[in-house]
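Contents: one structure, followed by commentary.
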Amino acid sequence: MSYNLLKGKKGLIFGALNEDSIAWKVAERAVEEGAEIVLTNTPVSIRMGTINQLAEACGAIVVPADATSVPDLENLIEKTMEHFGGKFDFILHSIGMSPNVRKGRTYDDLDYDFLTKTLDISAISFHKVIQVARKKDALNDWASIVALSYIAAQRTLYGYNDMADAKALLESIARSFGYIYGREKFVRINTVSQSPTPTTAGKGVLGMGDLMDYADRNSPLGNATADDCAGYVLTLFSDLTRKVTMQNLFHDGGFSSMGMSRRAMTLYEKGLEVEYQDISKR
Ligand SMILES: NC(=O)c1ccc[n+]([C@@H]2O[C@H](COP(=O)([O-])OP(=O)(O)OC[C@H]3O[C@@H](n4cnc5c(N)ncnc54)[C@H](O)[C@@H]3O)[C@@H](O)[C@H]2O)c1
């Protein structure tokens, strides 16, 4: 169902790899809500993934860019402005990758070159995107910038590794740049802290199946899906949230406020787990 929330708006979306990607769902929903979009990803992800199919379905162009490369970002922002014929209204940063996680290096045995890459790809790229957009005066007043985060920025979750540090930095960049861009151009900058989600990046996290089950049991509304996330992100791109900025917004079915739910407790009760079908007993 469309509400025309983004009618007349134009935006740039990073991070759609395949149809599981959160960015993919945001792109589809943004277009449904009336937006025009430009899509971007790294050349290798464009080759290995299916972003071109998404572009075709959305009537979008795809501009390759490595989000850690300032020259790539300059080219991307220029091409995006050329395509739109001027400034635009929203940016989604949906990018994450840790070579330490990929190579199985644990947090007490990090490879520091890998750590530098984790931070550059997953957090500093957010600063680079915003800095380049601002220097090129690419965004309309009251534009909205959103990046995706995870609760490991605040709480320790086994296996999330150096991505936790990257997410803490990402959320801090939203606050620091949110002040500067807000006071100058009313541009708002927020992070959305999403439930564990079975995407390519998500599946790379150690013990992802158990983590998803644990989060789901401890979330009164259940885990938020990628589709749910897209809906929430659209509200942040819309004019309905013009005074929301510099926030980390939890989109996690209530997980971040829970300690222990009855549904999770059943796992530790004697005997076999009782599945509570009744939603009021989650
Ligand atoms: N999946 C989850 O459980 C979960 C939960 C909370 C937050 N997030 C965050 O959501 C965001 C999107 O991830 P996803 O789960 O949709 O997985 P995904 O694997 O579909 O997306 C990750 C994207 O990052 C892109 N990327 C990697 N390096 C890049 C670079 N140098 N330049 C540009 N793009 C690059 C990849 O090509 C890919 O499209 C990430 O920030 C992730 O940390 C995911």
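Remember, the numbering used here sits 5 above the position in the sequence shown when you count from 1.
All residues carry an ideal CB built from backbone N, CA and C; glycine is no exception.
Given the structure is predicted, the values throughout are model-derived calculations rather than measurements.
At the level of alpha carbons, what is the spacing between asparagine 80 and alanine 269? 49 Å
List the endpoints of the continuous beta strand (DSSP E) containing aspartate 94. 93-98
Quick test of your reading: glycine 227 and glycine 258, contact by CB under 8 Å. State the CB separation rounded to the nearest angstrom. The C-beta distance from glycine 227 to glycine 258 rounds to 5 Å, short enough to fall under 8 Å.
I want to know whether the region 122-131 touches the region 162-182 - three or more CB-CB distances under 8 Å. yes
Let's see if you can read the secondary structure: which residues bound the beta strand (DSSP E) around aspartate 146? Counting along the chain, the beta strand (DSSP E) containing aspartate 146 begins and ends at 144-154.
Entirely within the region 103-140 and at least 4 residues each: give me those alpha helix (DSSP H) ranges in chain order. 104-107, 117-124 and 130-140
Ignore the nearest five residues each way along the sequence and tell me which others in phenylalanine 260's own chain have a CB closer than 6 Å to its CB. Ala220, Asn223 and Ser224
What's the gap between the Cα of tyrosine 8 and the Cα of threonine 271? 41 Å
Does the contact criterion of 3 or more C-beta pairs under 8 Å hold for the region 148-161 versus the region 88-103? The region 148-161 vs the region 88-103: in contact.
Give a yes or no on whether the C-beta atoms belonging to leucine 78 and alanine 65 are separated by under 8 Å. Not closer than 8 Å, so no.
CB of glycine 183 within 8 Å of CB of threonine 250, strictly: yes
Quick one: does the C-beta of threonine 196 sit closer than 7 Å to a heavy atom of ligand 1? At a threshold of 7 Å, threonine 196 does not count as near ligand 1, since its beta carbon sits no closer than that to any of the ligand's heavy atoms.
In this structure, does DSSP put phenylalanine 260 in helix, strand or coil? helix
Would you mind reading off the limits of the beta strand (DSSP E) that contains threonine 240? That residue, threonine 240, is in no beta strand (DSSP E); its alpha helix (DSSP H) goes 231-242.
When Pro76, Glu37 and Val210 are compared against glycine 109, the one with the closest alpha-carbon: Val210
Rounding to the nearest angstrom, what Cα-Cα distance links arginine 267 and phenylalanine 95 in this structure? Counting only the Cα atoms, phenylalanine 95 lies some 40 Å from arginine 267.
For serine 262, does the count of other Cβ atoms within 10 angstroms reach 16, so buried, or fall short, so exposed? exposed
Measure the CB-CB distance between alanine 157 and arginine 34 and report whether it falls below 8 Å. no
Per-residue DSSP class, three states only, for asparagine 9: coil
Specify the secondary structure class of leucine 22 as computed by DSSP and reduced to three states. coil
Within this structure, are the beta carbons of valine 31 and valine 197 separated by less than 8 Å? no
Since arginine 267 sits in a beta bridge, which residues does DSSP pair it with? Its beta-bridge partners do not exist; DSSP assigns none.
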